[in-house]
């Protein structure tokens with residue numbers, strides 16, 4: 090995944106030798122790497138553009154499912170290309186500029202071109218954009234000379250109201266019925282400028298600029314191309330007449346051009362079809378990779394219960410965002426050092442969308458769940474109920490909706506689904522707006538495309554006619570965004586025990602070591618943040634100073650950081666001691682965190698599922714709770730072979746019979762191979 094610095098330097102030297110002065114340009118994608126699988130829908134893209142002389146640069150990126158936020162871009166927007174998903178008749182352009190109290194940041198003059206296939210575009214039209222918003226639409230409205238039927242629209246900002254920057258929040262369209270149409274952002278072009286860095290040690294360093302962008306991935310394969318070009322001197326204020334496509338970014342009439350492409354796969358939901366040899370291997374394409382068994386989350390239950398883990402996502406945390414007070418006095422962290430790499434891991438459990446019907450039966454309440462289950466008793470039934478009837482689904486927050494899929498109940502060959510109906514949307518569940526009327530329902534599964542791709546929190550399906558008289562039975566309703574990704578809602582867990590151990594690898598760069606003040610790289614270890622104790626607790630790990638990685642096998646996910654450590658002895662610690670199992674939501678359970686040191690081979694070189702535990706070959710772990718008379722209260726874990734370096738064991742305050750123990754002092758005893766430890770654990774109220 091990681092490109093070696095020496096490789097980049099060699100390429101740059103070669104590039105500088107070949108290109109003439111004043112005309113050189115080199116683009117390198119710093120992150121992510123290529124050819125990996127991720128379950129993070131947001132992808133952080135970072136590229137470096139180097140030129141032989143300080144130059145204005147136009148950077149273009151194809152965006153699989155859009156960008157996280159146009160409003161948060163730090164660069165001036167040069168052009169956007171959008172896809173309506175189908176041919177629509179458009180009468181106007183809508184621009185939501187970035188709000189500014191004193192001066193507008195939107196475009197003053199634009200060019201717009203149209204295409205039915207995304208390859209061949211019409212001759213650009215030059216149009217003027219007003220500085221004020223349309224009172225009715227609360228957007229900048231640019232009327233077209235006449236309505237046009239199109240699918241792809243390319244908008245270029247020729248001139249802005251401000252000379253230094255053009256910024257917008259969104260680009261939308263107005264159809265002939267004066268409805269606002271959302272479109273997929275297909276390509277984004279930004280204007281940057283390379284400048285000579287202030288580096289006294291390397292005064293001959295070439296001009297450069299770092300480019301950052303957060304992309305939204307589409308479910309499945311994503312091919313992303315980043316292209317940089319130095320335009321002709323008069324090109325920045327001339328209409329754009331070249332072609333842009335997601336397959337090959339046009340080089341236009343530029344002085345010099347450079348591009349790079351990466352390929353990755355976004356896994357919107359964990360499913361066994363995406364495993365290899367029984368494992369998911371997930372990465373962010375940068376500094377984190379985890380190899381996790383397919384049954385670590387009880388994936389077998391995914392298709393039977395919606396309350397199952399569907400996603401595992403992990404995001405880097407900037408080291409300067411970690412409070413120094415959290416590690417400054419930690420005796421296991423080398424004095425004067427800071428975190429090298431920090432990642433937050435989160436497991437996401439899918440939850441149901443709540444829905445409400447306009448009618449109910451004695452055995453069918455009006456309130457029900459849209460839960461992904463397509464068989465009774467999930468079925469919504471309205472037997473012997475006069476039409477029309479409606480079902481309103483709460484999507485939890487405002488979403489862009491591209492498709493609604495309705496599953497009708499079947500009894501043999503007989504369908505009990507709708508025959509015709511209307512879809513309405515709302516943001517407050519009070520005022521609803523009609524989106525479309527649909528009368529082409531299939532017997533079992535019906536896909537309804539919403540041409541305007543509306544944004545809404547509440548979606549209402551009103552059934553006006555049914556296949557069977559006054560008898561509608563719907564097994565399920567599903568929603569998809571304009572990119573085809575399922576619309577779902579999740580509960581997030583930042584600490585979760587796994588049923589099978591996972592293999593975690595965090596990598597680091599030389600600059601990370603320098604910033605963190607690391608003096609002994611071989612002493613790097615993984616730590617986990619224990620929120621209940623408000624401290625970083627050592628986990629262990631195997632450091633490979635050649636590959637610059639720290640690896641470990643563990644049976645839980647949490648927030649992990651790489652620190653330089655001073656102590657690498659086995660350690661046991663409780664998250665709460667005392668704790669109070671009274672079900673009040675505060676310290677109801679406590680976790681024993683066990684960490685085992687080791688300097689064995691990297692996980693990838695070891696036998697599948699096994700690790701060299703520094704002389705302890707697959708030790709057995711025993712953890713028991715006793716009262717002060719040494720009577721066994723409960724065995725938390727009994728002679729279990731440990732093949733991981735980090736173990737988390739939970740006690741809920743119950744004894745062997747399942748009853749909550751009395752308030753008082755108890756003794757814990759831990760045995761791991763030849764190691765022994767014991768102490769006091771207090772149960773309070």
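Numbering (our numbering), first residue to last: 90 to 774.
Every residue gets a Cβ at the ideal spot worked out from N, C-alpha and C, and that includes glycine.
Going by C-alpha to C-alpha distance, which of the options sits closest to residue i?
i	options	result
residue 313	287, 641, 350	350
residue 113	318, 596, 300	318
residue 374	626, 715, 676, 126	126
residue 761	517, 565, 721, 660	660
residue 233	445, 178, 279, 240	178
residue 128	384, 264, 358	358
residue 764	709, 733, 770, 754	709
residue 347	254, 372, 320, 371	320
residue 142	541, 162, 285, 281	285
residue 307	447, 356, 714, 199	356
residue 630	603, 667, 592	592
residue 371	123, 116, 740	123
residue 514	253, 490, 507	490
So is residue i buried or exposed if we call it buried at 16+ other beta carbons inside 10 Å?
i	result
residue 151	buried
residue 362	exposed
residue 389	The pLDDT assigned to residue 389 is 44, lower than 50, so where the model puts this residue is not dependable, and the model offers no usable value.
residue 340	Annotation note: pLDDT 48 at residue 340 (below 50); position unreliable, coordinate value reported separately. Result: exposed.
residue 522	exposed
residue 149	buried
residue 164	buried
residue 400	buried
residue 191	exposed
residue 283	buried
residue 603	exposed
residue 644	buried
residue 768	exposed
residue 700	Because the pLDDT of residue 700 is 35, which lies under 50, any placement of that residue in the model is unreliable, and the number read from its coordinates should be weighed accordingly. Residue 700 should be labelled buried.
residue 721	exposed
Cβ atoms of residue j and residue i: under 7 Å apart, would you say?
i	j	result
residue 197	residue 218	yes
residue 257	residue 421	no
residue 553	residue 477	yes
residue 187	residue 160	yes
residue 568	residue 493	yes
residue 752	residue 774	yes
residue 678	residue 612	no
residue 682	residue 669	no
residue 458	residue 441	yes
residue 261	residue 183	yes
residue 556	residue 504	yes
residue 439	residue 596	no
residue 776	residue 425	This structure cannot settle anything about residue 776, because the visible part of the chain is limited to 90 through 774.
residue 750	residue 772	yes
residue 134	residue 302	yes
residue 220	residue 193	yes
residue 482	residue 601	no
Under the three-state reduction of DSSP, which class applies to residue i: helix, strand or coil?
i	result
residue 757	strand
residue 600	helix
residue 419	coil
residue 721	strand
residue 699	Residue placement at residue 699 is flagged as unreliable, the pLDDT there being 33, under the threshold of 50; a coordinate-derived value is accordingly withheld.
residue 634	coil
residue 735	strand
residue 426	coil
residue 642	strand
residue 385	coil
residue 410	helix
residue 768	strand
residue 523	strand
residue 774	coil
residue 560	strand
Who does residue i pair with in a DSSP beta bridge?
i	result
residue 743	749
residue 280	147, 165
residue 250	Looking at the DSSP assignment, residue 250 forms no beta bridge with any residue, so it has no partner.
residue 186	257
residue 140	114
residue 549	481, 513
residue 544	489
residue 679	740
residue 133	303
residue 729	710
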